[in-house]
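If you're matching them up, the sequences are chains G and P in order.
Under the numbering used here, residues 556 to 806 are what the first sequence spells out, in order.
Under the numbering used here, residues 52 to 146 are what the second sequence spells out, in order.
Note that the Cβ used here is the ideal one computed from N, Cα and C, for glycine as well.
Source: prediction; values computed, not measured.
The block underneath contains the structure these notes are about, expressed in structure tokens.
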Amino acid sequence: MGSQSLFNYVLSLGDDALISAQRLSEWAYKAPYLEEDIALSNISLDLFGRANLFLEYAASLKKEVITADDLAFKRSEREFTNCLINEQPNGNFAATMVRQFFLDAYNKLFLEQLINSNDKQLSAIAQKSIKETNYHIRHSSNWMLRLGDGTDVSHAKTQSAINDLWTFTSELFEMTENEEEMVKKKIGVDCRELKSNWDEIINDIFKEATLGRPQDEHMKTGGRQGIHTEHLGHMLSDMQYLQRAHPDAKW
Amino acid sequence: MTKKEMSPWEVFIQPKTGAHFQHAGCVHAVDKEMALQNARELYTRRQEGTCIWVVKADHIVSSSPEDEDSFFDPANDKAYRYPTFFKVSKKAKGL
Numbered sequence: 556m557g558s559q560s561l562f563n564y565v566l567s568l569g570d571d572a573l574i575s576a577q578r579l580s581e582w583a584y585k586a587p588y589l590e591e592d593i594a595l596s597n598i599s600l601d602l603f604g605r606a607n608l609f610l611e612y613a614a615s616l617k618k619e620v621i622t623a624d625d626l627a628f629k630r631s632e633r634e635f636t637n638c639l640i641n642e643q644p645n646g647n648f649a650a651t652m653v654r655q656f657f658l659d660a661y662n663k664l665f666l667e668q669l670i671n672s673n674d675k676q677l678s679a680i681a682q683k684s685i686k687e688t689n690y691h692i693r694h695s696s697n698w699m700l701r702l703g704d705g706t707d708v709s710h711a712k713t714q715s716a717i718n719d720l721w722t723f724t725s726e727l728f729e730m731t732e733n734e735e736e737m738v739k740k741k742i743g744v745d746c747r748e749l750k751s752n753w754d755e756i757i758n759d760i761f762k763e764a765t766l767g768r769p770q771d772e773h774m775k776t777g778g779r780q781g782i783h784t785e786h787l788g789h790m791l792s793d794m795q796y797l798q799r800a801h802p803d804a805k806w
Numbered sequence: 052m053t054k055k056e057m058s059p060w061e062v063f064i065q066p067k068t069g070a071h072f073q074h075a076g077c078v079h080a081v082d083k084e085m086a087l088q089n090a091r092e093l094y095t096r097r098q099e100g101t102c103i104w105v106v107k108a109d110h111i112v113s114s115s116p117e118d119e120d121s122f123f124d125p126a127n128d129k130a131y132r133y134p135t136f137f138k139v140s141k142k143a144k145g146l
């Protein structure tokens, strides 16, 4: 049972990274200009690398022989336990930047704590990932400033994206029973303790970018229980197509 | 609110600490931070450098093709400007 709860914990962290990476990768060759196209693809690849580390570790915790690819490509929607914000569609460029900014701020705070995990593997993954995330948040928060304090159109689109995505932000700071157990064992991070620092990062950028913070109303949750928004299924049908159509295909 | 236009920036990379910065290419950007980040994305993805300079392209003063004769031809027959009349010690390394 002990190893099952660690498996579930690591899997959920892997799912957050994987789904975020896959969503961001949809910008490849479609970004507003060449340099940003490469920037988004690089960030997506950082997240794929992180997903791979988490999922390989999760796979190693199973008695049966499975791989990270099995976990990524052979589970159905209800078996994914990523937080809902990761799967939200890219929308326009401002909407993607808002989503990434919310996630980068969260990941930065989360990884800074995960470094202290008693689990050496998780701590090592966090140490590698925090360097990447420190760059990611620099990228996304700069865009928040440019877009929020940019033209009337960029401001309106950014504010609209904030209003749409806000409903998914409180889930990041919720704790499942399994996560509570991980905190007790000093393996996991207590997400509730990250909230005030996250608020501070968000509020500072909102203020500088002349953006407004919405009220916490009708906040959505369910990702950690495998209950997703309608967007995840479509993403998985695309991401998993090859392994579903040609099981165990290799190249 | 301000609207900024994209403009070209020249990128220089220092391959290792203490080395000369070398021209790597150019990027488009609206401000210094974006120029720096875009340069990082395009030119240092494979650990090519330890430091990046970005310079707005219109801040670079360039000689023009018409200057070629007056700038460079006079050096053509001045062999004494080359340090080729010295014997290099075999023990000297890093030259």
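Taking a beta-carbon distance threshold of 8 Å, Val-106 (chain P) does not count as an interface residue toward chain G. At a cut-off of 8 Å between C-beta atoms, Tyr-588 (chain G) counts as an interface residue with respect to chain P. Shown here, Val-744 (chain G) sits in coil according to DSSP, grouped into three states, outside any helix or strand.
Tyr-588, Leu-589, Glu-590, Glu-591, Ile-593, Ala-594, Asn-597: these are the residues of the region 577 to 605 of chain G whose beta carbon lies less than 8 Å from some beta carbon of chain P, given in chain order. Going by DSSP, Ile-598 (chain G) is part of no beta strand (DSSP E) but of the alpha helix (DSSP H) stretching over 589 to 615. Under the three-state reduction of DSSP, Ile-782 (chain G) is assigned to coil, being neither helix nor strand.
Residue state for His-79 (chain P) is assigned as strand, using DSSP reduced to three classes. Arg-605 (chain G) is a Cβ neighbour of Ala-572 (chain G), given a cutoff of 8 Å. DSSP, read as helix, strand or coil, puts Ser-140 (chain P) in coil. Straight-line measurement puts the Cα of His-74 (chain P) at about 21 Å from the Cα of Phe-123 (chain P). Residue burial is scored here from C-beta neighbours: Ser-709 (chain G) has at least 16 other C-beta atoms within 10 angstroms and is therefore classed as buried.
In this structure, DSSP gives Phe-63 (chain P) an extended state, which the three-state scheme calls strand. Trp-698 (chain G): member of the alpha helix (DSSP H) spanning 675 to 703, first to last residue. Residue state for Lys-629 (chain G) is assigned as coil, using DSSP reduced to three classes. Taking all protein chains in view, the Cβ of Trp-753 (chain G) is crowded by 16 or more other Cβ atoms within 10 Å, so the residue is classified as buried.
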